[in-house]
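Residue numbers 1 to 255, in full-length UniProt numbering, belong to the letters of the sequence shown in order.
The structure under discussion appears below in the form of structure tokens.
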Amino acid sequence: MSARALSFGMVAEQYERYRPGYPAELLDLVLTYAGRPIRTALEIGAGTGKATRLFTGREVTVTATEPDGAMLAELRKHVPAGVRTVQAAFEDLRPGERYDLVYAAAALHWTKPEGRWSSMAALLEPGGVFASFGGPTQLADPTVADAVRAARAPFLESDEVPSPDGTPPGHAMQWPGTELQRSVWFADVQQIVIERRLTMSARDYVGHLSTISAYLELPTSEQEQVFGQIMRILPGTVELSADIVVHLARRRTEQ
Numbered sequence: 001m002s003a004r005a006l007s008f009g010m011v012a013e014q015y016e017r018y019r020p021g022y023p024a025e026l027l028d029l030v031l032t033y034a035g036r037p038i039r040t041a042l043e044i045g046a047g048t049g050k051a052t053r054l055f056t057g058r059e060v061t062v063t064a065t066e067p068d069g070a071m072l073a074e075l076r077k078h079v080p081a082g083v084r085t086v087q088a089a090f091e092d093l094r095p096g097e098r099y100d101l102v103y104a105a106a107a108l109h110w111t112k113p114e115g116r117w118s119s120m121a122a123l124l125e126p127g128g129v130f131a132s133f134g135g136p137t138q139l140a141d142p143t144v145a146d147a148v149r150a151a152r153a154p155f156l157e158s159d160e161v162p163s164p165d166g167t168p169p170g171h172a173m174q175w176p177g178t179e180l181q182r183s184v185w186f187a188d189v190q191q192i193v194i195e196r197r198l199t200m201s202a203r204d205y206v207g208h209l210s211t212i213s214a215y216l217e218l219p220t221s222e223q224e225q226v227f228g229q230i231m232r233i234l235p236g237t238v239e240l241s242a243d244i245v246v247h248l249a250r251r252r253t254e255q
């Protein structure tokens with residue numbers, strides 16, 4: 001995996017503190033799409049367990065995989081004892097047990113494209129569900145957003161992760177839905193947006209930025225400078241657009 005993908009362990013506690021969790025509406029959406037009981041699930045890139053807790057709350061038996069040991073250690077502090085944890089990247093998982101659901105929460109873009117969907121299908125029961133969800137947390141006020149971009153510019157041109165397959169932001173179907181539509185392994189591809197607005201203090205927003213990989217790649221001295229400059233131009237509280245883009249697909253039974 002890339003250094004950027006494995007940069008989060010150094011800020012595992014901050015990640016748990018500042019990254020928002022997921023609403024119950026998301027779980028309802030996945031279960032309704034499945035149309036049958038989901039008893040077992042495999043989570044790819046579980047981080048500190050933000051999504052893990054959502055699914056275990058409905059008595060789904062979750063196996064949480066995560067390549068970073070520090071993130072996995074933080075996850076274990078926050079999830080029920082029944083959650084099985086495995087330190088492994090997606091590419092290192094071997095076919096064996098199959099699950100009713102395989103899902104990734106803001107983590108799929110760190111997986112390698114080669115063989116992604118055949119490997120995913122091998123982990124699912126025929127007719128099983130794949131789900132991917134996430135999205136950037138962006139400042140809702142364009143004036144504040146412009147000021148933050150200007151403060152960040154000497155250090156970073158952008159703090160976002162580009163679409164892995166180059167799909168432009170305005171396209172009707174976003175990645176990974178674009179890849180799923182082309183895959184012979186999956187059908188019934190759906191994209192749903194859960195609109196969400198959050199309010200954070202300026203300090204917590206900077207804390208959130210400190211968990212984003214683009215900033216984590218900067219030298220420590222530059223991190224301190226950019227966060228200091230951003231903090232100085234922020235109002236006391238900020239409103240954030242944090243929509244969750246959900247992609248759902250069903251493993252074909254005939255494959």
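Each residue gets a CB set at the ideal place from its N, CA and C atoms; glycine is no exception.
Keep in mind that this is a model prediction, so the values were computed, not measured.
Asked                                                                                                          : Found
Contact between the region 217 to 234 and the region 168 to 178 (3+ Cβ pairs under 8 Å)                        : no
First and last residue of the uninterrupted beta strand (DSSP E) at Pro-126                                    : 124 to 134
Opening and closing residue of the alpha helix (DSSP H) in which Tyr-205 lies                                  : 202 to 209
Val-184 burial status per 10 Å Cβ neighbour count (16 or more: buried)                                         : exposed
Alpha helix (DSSP H) segment containing Gln-223, residue limits                                                : 220 to 233
C-alpha distance - Arg-76 paired with Thr-65, whole-angstrom precision                                         : 12 Å
Sequence-distant residues of the same chain with beta carbon closer than 6 Å to Ala-51, five excluded per side : Tyr-22, Ala-105
Distance between Arg-250 and Phe-8 (C-alpha atoms, nearest Å)                                                  : 30 Å
Coil, strand or helix - Asp-188 by DSSP                                                                        : strand
Per DSSP, cross-strand counterpart(s) of Gln-138                                                               : Ser-241
Cβ-Cβ distance between Thr-211 and Tyr-33 below 8 Å                                                            : no
Distance between beta carbons of Val-144 and Pro-235, contact taken as under 8 Å                               : 7 Å
Contact between the region 179 to 197 and the region 110 to 121 (3+ Cβ pairs under 8 Å)                        : yes
Cα-Cα separation, Ala-5 to Gly-127                                                                             : Interpretation of Ala-5 is limited by its pLDDT of 49, a score under 50 that renders its predicted location unreliable; no figure is taken from the coordinates.
At least three beta-carbon pairs within less than 8 Å, the region 80 to 89 to the region 128 to 144            : no
The alpha helix (DSSP H) enclosing Asp-28, as first and last residue numbers                                   : 24 to 34
Host alpha helix (DSSP H) of Arg-182 (start-end)                                                               : 177 to 182
Integer Cβ distance of His-247 from Gln-191, believed to fall under 8 Å                                        : 6 Å
DSSP three-state assignment for His-78, whether helix, strand or coil                                          : coil
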